[in-house]
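Notes for the one structure printed next.
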Ligand code: SAJ
């Protein structure tokens with residue numbers, strides 16, 4: 146039996162995938178609403194291929210229960226936020242889940258932590274809990290790598306890393322993950338697994354920060370950043386990512402802070418990159434002001450933000466650049482902008498509409514913050530508006546970053 150603890154964005158697809166691949170799985174979560182919904186065969190969020198996967202997992206008898214199951218292997222996938230003050234990882238959810246598992250787990254069971262943690266956290270925070278309980282368990286770290294928007298496909302095809310204390314546990318886990326994972330499974334020690342995961346997301350954050358810095362440099366000197374990046378990326382060893390209105394989501398905008406928090410004075414490029422990416426919503430605000438001036442617009446209530454999620458075609462708004470921009474305006478005592486996002490069906494900001502047509506007719510300047518498929522496909526409807534496209538997602542004559 147495999148017990149999956151935490152049925153959120155990572156835990157749920159993992160539990161479904163394991164069950165669909167023939168493993169006996171019981172998923173548990175502290176949130177009764179999630180369990181209720183799953184027991185009614187309702188998914189709690191959408192991802193391509195997940196409905197079909199749910200069907201197969203249910204056919205194989207997956208259980209959703211509020212009680213911690215007795216299992217041979219546990220997979221903990223609960224949130225690891227960072228403390229906004231100290232920038233250090235907040236291990237409280239992982240610790241609580243680990244203690245809950247220790248209460249019921251049999252001797253020699255394997256407890257895998259999938260949640261992203263900063264290097265050394267498992268030794269510092271989790272191992273002492275196991276030592277204190279005197280239960281003999283094996284600890285492992287198998288950080289997830291899947292990208293929202295393509296989770297099911299990536300779960301199956303990405304390679305992954307498993308860190309353990311001994312080779313035997315590594316091989317046992319390789320077999321379990323190998324029941325669905327077609328990518329290479331690399332076995333290593335726990336600390337290297339922790340570090341490599343944080344490094345992967347930090348690499349991307351730094352690359353995006355470079356693109357964003359280039360956007361600012363090019364804007365200041367009348368050059369087209371997209372043309373520059375397109376040409377540079379033509380070099381066989383250059384791959385610059387795209388500038389944008391900021392970096393959101395619960396991974397890339399969070400994990401680099403773990404390194405900054407743990408290695409102050411050493412994590413310098415990492416810190417600079419974080420600051421550049423965090424400065425982008427305010428840079429967009431500056432662009433809005435410039436474009437309004439250029440077009441003799443004075444009425445801020447006729448400016449609208451398209452997109453509230455942190456990236457295209459997902460319904461996740463965590464650390465979203467749009468919310469950061471609205472927050473920044475609030476701090477400057479500016480009135481809120483009208484917002485619309487096809488994936489957000491409830492009111493989450495001050496001024497929000499729920500129909501694209503209504504949004505389009507209410508504004509003269511549209512700021513595309515997220516390149517959802519909807520705006521790309523229906524751009525013709527707003528062709529007569531002034532548009533700032535912060536993602537360069539529409540193929541038309543518009544303003545860019
Ligand atoms: N972004 C840009 N420019 C780009 C690419 C992305 O501005 O060229 C922005 C996005 O719009 C978004 C943010 O960066 O706001 C992050 O989006 P993302 O699609 O790059 O990544 P996430 O956060 O959805 O998922 C990442 C992935 N990590 C890497 O690609 C190294 C995923 O594989 C991880 O599993 C996930 O973090 C995680 O959970 O750690």
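Numbering (the numbering used here), first residue to last: 146 to 546. Ideal Cβ placement from N, Cα and C applies to all residues, glycine included. Small disclaimer: the values here were computed from a predicted structure and weren't measured.
Just checking residue i against ligand 1 - is the residue's beta carbon closer than 7 Å to any of the ligand's heavy atoms?
i	result
residue 156	no
residue 322	no
residue 300	no
residue 429	no
residue 456	yes
residue 345	yes
residue 483	no
residue 447	no
residue 193	no
residue 424	no
residue 386	yes
residue 376	no
residue 292	yes
residue 261	yes
residue 466	yes
residue 392	yes
residue 289	yes
residue 389	yes
residue 396	yes
residue 201	no
residue 415	no
residue 353	yes
Considering residue i, what are the terminal residues of the beta strand (DSSP E) in which it resides?
i	result
residue 210	208-210
residue 221	218-221
residue 473	Unbroken run through residue 473 is the alpha helix (DSSP H), 466-476; no beta strand (DSSP E).
residue 283	283-286
residue 484	483-485
residue 510	510-513
residue 305	305-309
Could you check how far apart the C-beta atoms of residue i and residue j are, in whole angstroms? I think they sit under 8 Å.
i	j	result
residue 509	residue 447	4 Å
residue 391	residue 422	6 Å
residue 239	residue 221	6 Å
residue 147	residue 218	5 Å
residue 436	residue 533	6 Å
residue 451	residue 405	Contact doesn't hold; Cβ gap of about 32 Å is too wide.
residue 263	residue 403	3 Å
residue 550	residue 464	In this structure the chain extends from 146 to 546, so residue 550 is not present and cannot be described.
residue 290	residue 305	6 Å
residue 513	residue 538	7 Å
residue 425	residue 480	The pair is not a contact, with the Cβ atoms about 22 Å apart (cut-off 8 Å).
residue 171	residue 216	7 Å
residue 495	residue 233	Between residue 233 and residue 495 the Cβ distance is about 32 Å, and since that is not below 8 Å, they are no contact.
From which residue to which residue does the alpha helix (DSSP H) around residue i run?
i	result
residue 418	413-439
residue 200	195-204
residue 373	370-377
residue 347	335-365
residue 189	No alpha helix (DSSP H) holds residue 189; DSSP gives it neither H nor E.
residue 405	400-407
residue 531	Taken as a continuous stretch (DSSP letters only), residue 531 belongs to no alpha helix (DSSP H), being part of the beta strand (DSSP E) at 531-534.
residue 257	Premise fails: residue 257 lies in the beta strand (DSSP E), 255-258, not in any alpha helix (DSSP H).
residue 156	156-165
residue 397	First-last for residue 397: undefined, no H or E at that position.
residue 480	Here residue 480 belongs to no alpha helix (DSSP H), and DSSP marks it neither H nor E.
residue 521	518-522
residue 291	Unbroken run through residue 291: none, as it is neither H nor E.
residue 315	312-322
residue 276	272-278
Kindly identify the DSSP beta-bridge partner or partners of residue i.
i	result
residue 242	Answer by DSSP bridge pairing: none, since residue 242 is not bridged.
residue 453	Bridge partners of residue 453: none, in fact.
residue 227	234
residue 171	148 and 208
residue 331	306
residue 544	533
residue 448	510
residue 498	485
Any chance the CB of residue i is under 7 Å from a heavy atom of ligand 2?
i	result
residue 401	Ligand 2 is not part of the structure shown, which contains ligand 1 as its ligands.
Is there a Cβ from chain B that is less than 8 Å from the Cβ of residue i?
i	result
residue 146	Looking at the structure shown, chain B is missing, and only one protein chain is on hand.
Is the segment 157-174 in contact with the segment 194-201, if contact means three or more CB pairs nearer than 8 Å?
yes
Evaluate contact between the segment 228-236 and the segment 204-216, counting only Cβ atoms and requiring at least three cross-stretch pairs below 8 Å.
no
Counting Cβ pairs, one atom from each stretch, are 3 or more of them under 8 Å apart for the segment 375-383 and the segment 453-471?
no
Do the segment 279-297 and the segment 175-182 make contact, defined as three or more Cβ pairs closer than 8 Å?
no
Kindly confirm or deny that the segment 323-335 and the segment 351-370 touch, where touching means at least three C-beta pairs closer than 8 Å.
no
Evaluate contact between the segment 257-264 and the segment 286-294, counting only Cβ atoms and requiring at least three cross-stretch pairs below 8 Å.
yes
Using 8 Å as the cut-off, can you tell me whether the segment 393-403 makes contact with the segment 436-443, which would need three or more C-beta pairs spanning the two stretches below that distance?
no
Any 3 or more C-beta pairs closer than 8 Å across the segment 460-477 and the segment 413-430
yes
Below 8 Å, can you find three or more Cβ-Cβ pairs linking the segment 480-487 to the segment 534-544?
no
Just checking, does the segment 363-374 make contact with the segment 330-349 on the three C-beta pairs under 8 Å criterion?
no
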